[in-house]
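Colleague: Structure provided below as structure tokens; questions to follow.
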Amino acid sequence: MKKGNIYLGAFVALAMGALVGCSKDDGESAKVTPDMTTSFANISIVMPDHTGTRAEDDEPSRATGGYENGTAEENKIDELLLVFYDAQGNVVGSSTRKDITGNNRPTGDPIETIYSNTVEIKLNEGANMPASVMAYVNPANTTSQNDRLDRVRSLTRDINQLQTDGAHFLMNNSGHYEGGVYTIASKVNPQFIYADKEEAEKSADKAAVIYVERVAAKVKVAMNPTPTINEPEVTSPDGAKTYSLKFVPESWALTATARTTMLLKNLNVNTADLNAAFNGDAAWITPSTTPYRTFWARSYGYGIPSEVPQPAEGIRFPVTGEEEGNYLLDYITLADKDFQSLKNGDAYISMNDTKAVYIPENTMRGERFTSPENFPNPYASVTSAIVKGHYEVTGDAADKFADGFYLRKYSKVTGDETTQVYAIYTEDELKKAMLENQPYFRVNENDATGTDAAVAVIHKDEASDITGAAVKNPANRYTIQIAANYNGPLFTPTTNDDGTTTWNQVTADRETVIARINADLEKFAGQAMYYNGGKAFFYVPIKHNGADSNAFIENPKTGDYGIVRNHSYQVTINSISGLATGVADENDKPLPDPTPTQTYFINATMNVLAWHVMSQSVDL
449 MKKGNIYLGA FVALAMGALV GCSKDDGESA KVTPDMTTSF ANISIVMPDH TGTRAEDDEP
509 SRATGGYENG TAEENKIDEL LLVFYDAQGN VVGSSTRKDI TGNNRPTGDP IETIYSNTVE
569 IKLNEGANMP ASVMAYVNPA NTTSQNDRLD RVRSLTRDIN QLQTDGAHFL MNNSGHYEGG
629 VYTIASKVNP QFIYADKEEA EKSADKAAVI YVERVAAKVK VAMNPTPTIN EPEVTSPDGA
689 KTYSLKFVPE SWALTATART TMLLKNLNVN TADLNAAFNG DAAWITPSTT PYRTFWARSY
749 GYGIPSEVPQ PAEGIRFPVT GEEEGNYLLD YITLADKDFQ SLKNGDAYIS MNDTKAVYIP
809 ENTMRGERFT SPENFPNPYA SVTSAIVKGH YEVTGDAADK FADGFYLRKY SKVTGDETTQ
869 VYAIYTEDEL KKAMLENQPY FRVNENDATG TDAAVAVIHK DEASDITGAA VKNPANRYTI
929 QIAANYNGPL FTPTTNDDGT TTWNQVTADR ETVIARINAD LEKFAGQAMY YNGGKAFFYV
989 PIKHNGADSN AFIENPKTGD YGIVRNHSYQ VTINSISGLA TGVADENDKP LPDPTPTQTY
1049 FINATMNVLA WHVMSQSVDL
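According to my numbering, the sequence shown is numbered sequentially starting from 449.
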């Protein structure tokens, strides 16, 4: 693919004219004198044209992506805080300005809009002259940012501070590599600071450029206007009847989103290592066309080693959706009010009409996916889109599944060929099928299957404490167990020396025997997935640099999945053909089993925009 030019979502150009008498010979440290404590500089807040010089027929690569212009709300500057630092990172002055005005569009430059103003700078008497500057656009807290640069680099913000006043987007300097060193503050020439406002206004060409980007990332999910929706076939328990399952998409929301973000972008890593993670594509780190922007970041909780604060020791990710804890990420329930409709009447909602969701960045090291001892469910680490809907069942006597149904995989033998198919059950049918020919218990010596009084279909996590169970049962998985309230007779088998079986009534240590039987029952009967009222969901991990694929990438690397600031992630659902995950209770959290046996993921088109766009096409 051809690679085009890459432009930032926004940048700030400071025009700083010469301050008379402030310069000293090279090697000497100029100081702020009393007559210099109030100085002036011209500033230009620049919003580049995101299409840049890329030809219309150039298909963007994963590294270059595409671009979309920010909305008026996304670009609005309500307040600008400039903080100046000396060469040691100490604060030496600042400038605050409200209501940035001015608007023009230069001819022949890849620039969309420029907001120009002359600002007053307050410098600290006796301090070193500025060597660098940070620009904080729409800052959530101006006090904490008036501090040493190394301290500011450790500051965090929560998700509610991505937009100040609920509207204006928090922005600051775009970190980049300069001479092999990660740099966040932009250089300032002290000779280009004026003590006189009129002199500053005359020197707009004396500019130091500060590139800024939004701290938030942007995600949108939409449907192809004419999606292909296939209907998987399932059979009756005896294989005699065939039913069709049609998934009807209803709404979407995000889960596993970060609660906390670093205020400043962090990417202080070995570039060679990171380039290797991105398949040798150095443009992700130090793009030659845009040396002031990178396409990866170390988010809060990225993983050690890191210079950013780490969450408290012991905070991990859930294995299943039933677990509760103070986790690093926020996991929604299916009843969450933030789900957005995918339809407007009979028409599917397009990418232009769907509402964007703004979230903090969430990136992770590749080992998050390859260390089951520390991260037993890698899906729980990845910010993902949940597509919620329901199944419509068609076929002879399909009405009996209106309140819900169970799906269970079995081996179908046709001649010499064995295939894996799914059977659909009511609860009574499922219990009967699971009890059939089970060899572990009876309620009397002659009963070959047990009775309704002896067994139950276990809902949710009631079977989580069974001896020998490998993991806690997901909420939507069901199996058969001895009913908790069953106090009647119970017989277990003993194999005799001649190969015959004797059934013996359990009279002692009944609790231990039942636990063993339950573990054996689960192994023998397996699990069925429950679809309460036909409700179901698909899980769509958001890809960053990941190759297009219908499923979770095998052995994901650093950069394959993640959410990076000032990127726009666009997920388009093109088709639906796989089998969705069943929903037992909408108060459950939609999180796939760490050892899934079904197709959980949508195959989508994903665009990651700069707003740099990452687009993902999805086929369910």
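Idealized CB from N, CA, C, for every residue including glycine.
Compute the Euclidean distance between the alpha carbons of residue 663 and residue 599, then round it to the nearest angstrom.
Modeller: If I take the Cα positions, the gap works out to 18 Å.
Colleague: Whose CA, out of 1009, 742 and 520, lies closest to the CA of residue 630?
Modeller: The residue with the shortest Cα to Cα distance from residue 630 is 742.
Colleague: Could you have a look at residue 827 and say whether DSSP puts it in helix, strand or coil?
Modeller: Note: residue 827 maps to helix in three-state DSSP.
Colleague: Of all the options 684, 746 and 1014, which has the alpha carbon lying nearest to the alpha carbon of residue 844?
Modeller: It is 684 whose Cα lies nearest to the Cα of residue 844.
Colleague: Can you tell me the Cα-Cα spacing of residue 594 and residue 1012, whole angstroms?
Modeller: Going from the Cα of residue 594 to the Cα of residue 1012 covers about 25 Å.
Colleague: Taking the alpha-carbon positions, what's the residue 579 to residue 744 distance?
Modeller: Each residue's Cα considered, the two are about 27 Å apart.
Colleague: Whole angstroms is fine: what's the gap from residue 1016's alpha carbon to residue 665's?
Modeller: Taking the straight line from one Cα to the other gives about 6 Å.
Colleague: Ends of the alpha helix (DSSP H) at residue 407?
Modeller: Past the edges of the chain, shown from 449 to 1068, lies residue 407, and the structure says nothing about it.
Colleague: Measuring straight from C-alpha to C-alpha, what distance separates residue 818 and residue 934?
Modeller: In a straight line, the C-alpha of residue 818 is about 43 Å away from that of residue 934.
Colleague: Using the beta-carbon count (16 or more within 10 Å), is residue 1026 buried or exposed?
Modeller: The residue is buried, with at least 16 neighbouring Cβ atoms inside 10 Å.
Colleague: Helix, strand or coil for residue 606, going by three-state DSSP, please let me know.
Modeller: If DSSP states are grouped into helix, strand and coil, residue 606 belongs with the strands.
Colleague: Can you tell me whether residue 814 is helix, strand or coil according to DSSP?
Modeller: Helix.
Colleague: Return the first residue and the last residue of the alpha helix (DSSP H) that residue 543 is part of.
Modeller: Not the alpha helix (DSSP H): residue 543 falls in the beta strand (DSSP E), residues 539-546.
Colleague: Can you give me the Cβ contacts of residue 696 inside the same chain, cut-off strictly under 7 Å, excluding the 5 residues immediately before and after it?
Modeller: Once the five neighbours on either side are set aside, the close Cβ partners of residue 696 are 837, 838 and 840.
Colleague: Relative to the C-alpha of residue 597, which residue among 624, 576, 532 and 615 is closest?
Modeller: Here the closest residue by C-alpha is 532.
Colleague: Within 10 angstroms of its Cβ, does residue 879 collect 16 or more other Cβ (buried), or is it exposed?
Modeller: Classification for residue 879: buried.
Colleague: Counting along the chain, where does the alpha helix (DSSP H) carrying residue 590 start and finish?
Modeller: Its alpha helix (DSSP H) spans residues 590-593.
Colleague: Answer yes or no: do residue 528 and residue 585 have a C-beta to C-beta separation smaller than 8 Å?
Modeller: Contact: yes.
Colleague: Please list the terminal residues of the continuous beta strand (DSSP E) segment that includes residue 626.
Modeller: 624-626 is the extent of the beta strand (DSSP E) around residue 626.
Colleague: Within 10 angstroms of its Cβ, does residue 482 collect 16 or more other Cβ (buried), or is it exposed?
Modeller: Per the 10 Å Cβ criterion, exposed.
Colleague: Considering only residues of the same chain and omitting the five flanking positions on each side of residue 857, which have a CB-CB separation below 6 Å?
Modeller: Excluding residues within five positions, the ones whose Cβ falls inside 6 Å are 868 and 870.
Colleague: Return the CA-CA distance between residue 474 and residue 707, expressed in angstroms with no decimal places.
Modeller: Model confidence at residue 474 stands at a pLDDT of 41, short of 50, so the residue's coordinates are unreliable and nothing is read from them.
Colleague: Are the region 640-653 and the region 793-813 touching by the rule of at least three beta carbon pairs closer than 8 Å?
Modeller: Taking 8 Å as the limit for Cβ pairs, the verdict is that the region 793-813 does not touch the region 640-653.
Colleague: So, residue 779 versus residue 989, is the Cβ gap smaller than 8 Å?
Modeller: Their beta carbons are not under 8 Å apart, which means residue 779 does not touch residue 989 by this criterion.
Colleague: By the three-class DSSP mapping on this structure, what secondary structure does residue 611 have?
Modeller: Of the three classes helix, strand and coil, the one that applies to residue 611 here is strand, per DSSP.
Colleague: Throw me the rounded Cβ distance for the residue 603 and residue 711 pair, which I believe falls under 8 Å.
Modeller: Right, their Cβ atoms sit about 4 Å apart.
Colleague: Judging by CA-CA distance, which residue of 835, 590 and 613 is the nearest neighbour of residue 521?
Modeller: It is 613 whose Cα lies nearest to the Cα of residue 521.
Colleague: Is the beta carbon of residue 834 less than 8 Å from the beta carbon of residue 640?
Modeller: Cβ atoms of residue 834 and residue 640: not closer than 8 Å.
Colleague: Please return the same chain residues whose Cβ sits closer than 7 Å to the Cβ of residue 859, not counting the five positions on each side in sequence.
Modeller: Excluding residues within five positions, the ones whose Cβ falls inside 7 Å are 866 and 868.
Colleague: Please state if the CB of residue 981 and the CB of residue 851 are separated by a distance shorter than 8 Å.
Modeller: A contact, by the Cβ cut-off of 8 Å.
Colleague: Which whole-angstrom value describes the C-beta separation of residue 610 and residue 808, a residue pair presumed to lie in contact below a C-beta threshold of 8 Å?
Modeller: Residue 610 to residue 808, Cβ: 7 Å. Contact.
Colleague: Can you list, in chain order, the residues of its chain whose CB lies under 6 Å from that of residue 490, leaving out five sequence neighbours each side?
Modeller: Contacts found: 463, 566, 648 and 652.
Colleague: Between the alpha carbons of residue 936 and residue 927, how many angstroms are there, rounded?
Modeller: Residue 936 and residue 927: Cα-Cα distance of roughly 21 Å.
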